[in-house]
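Protein chains in written order, with the working numbering: chain A, 47 to 213; chain B, 5 to 415.
Inspection log for the structure reproduced underneath, given as structure tokens.
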Amino acid sequence: MQRHSHQLLEFLQRQGPNLYALLTQLTLREDIAEELMQELFIKLSNSRRLDKVENLAGYAHRAAINLAFDWRRRRKRTHLRLDDVHEPASSVNSALAKLIHKEELEEILNTIGQLHGTSREAFVMRFIQQQSVDYIAEQMGKTSHQVRALCHKALTRVRDLLNSDQM
Amino acid sequence: MTKFNEKEILQRAKLLSQIEPNSEATGRTIERVRDTLINKAKSKEHPNTGIWQTIMNSRVTKLAAAAAIIIAAGLVITFLQESATPAYALEQTIKAVQGIRYIHTKYFDASYDEVAKQTWIEFDDKGQPKNVRIYWSKPFSTSPTIVVWSKYKTQVWHPQKNRLFIWNDEFYTQRIHIMTEKSDPKKGVQRLYDRASKGEVKIEVEEQDSKEDPIIVTGTTVSEKPKRFVIYVDQATKLITSEEWYVLKDGEYEYQGVMEYHDYNVPIDARMFTLDDEVPTEAHRIDTRTQDIGLAQGNLTDKEIAVEVVRELLQALIARDYARAGQICGGLTANEIQHGRGKLNVVRIVSIGEPGPPSKPSKVFPKMQSVAYTIECEKNGKKITQERCIAVKRVLGRRDRWIIHAGDSCP
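Right, dumping it as structure tokens:
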């Protein structure tokens, strides 16, 4: 097997659970997250640039975020039928799962989906994945200062979008 | 109606962060992906797999130079015909921005949270600025400043100072042209393209999977102190939506600011290019087209008039003639002088030195002179000697008159 494939399999073993959790958080659907995981790794294996990618984890997370929000957009355009509505993904905290208002989470996720690439990535990593600013800076190839600025702007933008949607 | 605040958004984001798929679903998914990767690797070892298809499945393209992008785009189209989306090239944006008549830009500086500069520009049919409105805030201006420019008239309005300047000046018009070039997407993208063609800038293009995400064009200058420009291009229109600036410091690119481009070709209301409805009638107006401020140069040389302007100011301060001092200072009010330079309490001119070039040469005031002087002042009943320096410049729109420069421009 080629070095490229070994590299991906090792990466899957190491980062797969995190990526699957991220996709679940962004889609609120385990079944969709599973499909998107497949799509993500096929894309990675097809990428001719993979050997040149300095930070594979950052690259894959970015691709996963894009895939999840692409799915959200596609789904928004599709008219939902009653039997399309699935239960939200499970949670480690079952009491919490009961408390989660799916509509509220869908609303905020759809709003985050309106952010542009880096802004959306920063928001997801900082506020949903709860990563440290330094870690995000390393993953995104930016300084901590830039990441703080990005996160702040993204949060403000989400707030404005949510409030403008209410008008 | 719910009004969202940031705390509530963060709470919802935290709820999302606490969602975890169950371990069974995670294990199943990892196993399925693993099987797919192994099968794919095995099939790749056989030559029948379409290598071009495999390569081009990735739409993320990064090429070393703009010229290469164009060639690559051609190759992709030739080899793959309809099976892949053509790569983006800067030329598409150059074409898209041609002929724009209106643009509104916002510049956010890294040092300041709010918008630092906004520009509304109407271009003529030759692509030159016809009407411009600029709003400056920190860090460019200590107080909000609005500039409204047209070919023969510039108005600068300082709302907090309640002061309006009006002039018609060639050098200031040149400055406006330079400033609008920074906000003009036509100039920006053409400059980037030209520099890339000369090998001065290395270009990388990243196309996103989603049509709704922008194409990201990164330009990095090939120099000892590289600068980086990141341009976001709308996939559908190929128009620039924003441009970020970075400079390399301590091995990392440090964010400097972002220019956002809005409202391409959306006609700007003509009232934006006049201050008639904004400036109160009681505002202090200084119109150099009709008013004489400062001193006439007459037959004096630039150095001689510079000394005379300083002498005239100091004598007015000694005489407590603040209205006269205000005129020498470019039309400031007596009250402003009394609470500014008037506090020096000048009692005597000791000496005025030979004028020299300013520490910061100015394109708008190319003949500016800096003048060192020594004065005797009275402070708490005691006389003290002070050595100071002041800059003197020509009046905007009036090459024959000179005034004191408000900023610091001494060596």
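Heads up, the beta-carbon is just placed ideally off N, CA and C, and yes, glycines get one too.
In this text, all values refer to a predicted model and were calculated from it rather than measured experimentally.
Beta-carbon gap between residue i and residue j smaller than 7 Å
i: residue 105(B); j: residue 277(B); result: no
i: residue 193(B); j: residue 98(B); result: yes
i: residue 142(B); j: residue 116(B); result: yes
i: residue 292(B); j: residue 399(B); result: yes
i: residue 33(B); j: residue 80(A); result: yes
i: residue 332(B); j: residue 353(B); result: no
i: residue 216(B); j: residue 235(B); result: no
i: residue 68(A); j: residue 86(A); result: no
i: residue 205(B); j: residue 219(B); result: no
i: residue 337(B); j: residue 288(B); result: yes
i: residue 37(B); j: residue 58(A); result: yes
i: residue 315(B); j: residue 341(B); result: no
i: residue 321(B); j: residue 350(B); result: yes
i: residue 180(A); j: residue 190(A); result: yes
i: residue 272(B); j: residue 124(B); result: yes
i: residue 54(A); j: residue 91(A); result: yes
i: residue 114(B); j: residue 76(A); result: no
Alpha helix (DSSP H) segment containing residue i, residue limits
i: residue 322(B); result: 306-322
i: residue 181(B); result: 174-187
i: residue 94(B); result: 94-101
i: residue 157(A); result: 148-158
i: residue 179(A); result: 179-186
i: residue 346(B); result: No alpha helix (DSSP H) contains residue 346(B), which DSSP labels as neither H nor E.
i: residue 328(B); result: 326-332
i: residue 18(B); result: 10-21
i: residue 164(A); result: 163-169
Residues near residue i by beta carbon distance below 8 Å, same chain, minus five either side
i: residue 267(B); result: 106, 107 and 108
i: residue 231(B); result: 224, 225, 249, 250, 251 and 252
i: residue 359(B); result: 306, 307, 310, 311, 373, 374, 375 and 396
i: residue 371(B); result: 306, 397 and 398
Integer-rounded CB distance, given that residue j should sit under 8 Å from residue i
i: residue 192(A); j: residue 259(B); result: 4 Å
i: residue 17(B); j: residue 174(A); result: 5 Å
i: residue 62(A); j: residue 115(A); result: With a Cβ gap of about 20 Å, residue 62(A) and residue 115(A) do not count as contacting.
i: residue 185(A); j: residue 64(A); result: Not confirmed; about 12 Å, so no contact.
i: residue 52(A); j: residue 96(A); result: The Cβ separation is near 12 Å, so there is no contact.
i: residue 111(B); j: residue 263(B); result: 5 Å
i: residue 89(A); j: residue 109(A); result: 6 Å
i: residue 187(A); j: residue 212(B); result: Contact doesn't hold; Cβ gap of about 17 Å is too wide.
i: residue 74(A); j: residue 151(A); result: 6 Å
i: residue 161(A); j: residue 203(A); result: 6 Å
i: residue 407(B); j: residue 270(B); result: Their Cβ separation, rounded to whole angstroms, is 40 Å, which puts residue 407(B) and residue 270(B) out of contact at 8 Å.
Cβ shell of residue i (< 6 Å), same chain only, five flanking positions each side left out
i: residue 179(B); result: 368
i: residue 169(B); result: 160 and 290
i: residue 208(A); result: 157
i: residue 171(A); result: 177 and 182
i: residue 182(B); result: none
i: residue 405(B); result: 298, 300 and 399
i: residue 387(B); result: 380
i: residue 157(B); result: 172
i: residue 140(B); result: 121 and 149
i: residue 151(B); result: 138 and 160
i: residue 382(B); result: 349 and 351
Residue interval of the beta strand (DSSP E) (run including residue i)
i: residue 87(A); result: First-last for residue 87(A): 76-92, but that is the alpha helix (DSSP H), not the beta strand (DSSP E).
i: residue 261(B); result: 256-266
i: residue 387(B); result: 386-399
i: residue 373(B); result: 373-383
i: residue 109(B); result: 106-113
i: residue 288(B); result: 288-291
i: residue 278(B); result: Looking at the DSSP string, residue 278(B) is not in any beta strand (DSSP E), and its letter there is neither H nor E.
i: residue 127(B); result: 121-127
i: residue 150(B); result: 149-154
i: residue 403(B); result: 402-408
i: residue 139(B); result: 133-140
i: residue 355(B); result: 350-356
i: residue 170(B); result: 167-171
7 Å CB neighbourhood of residue i in its chain, flanking five on each side removed
i: residue 11(B); result: none
i: residue 100(B); result: 241, 242 and 243
i: residue 20(B); result: none
i: residue 99(A); result: 105
i: residue 275(B); result: 281
i: residue 401(B); result: 171, 172, 173, 292 and 293
i: residue 327(B); result: 338
i: residue 199(B); result: 205
i: residue 127(B); result: 104, 105, 133 and 134
Which runs of the alpha helix (DSSP H) at least 4 residues long sit entirely within the region 182-249 of chain B? Give them in chain order. Listed in chain order, the complete alpha helix (DSSP H) runs (minimum 4 residues) inside the region 182-249 of chain B are 189-201.
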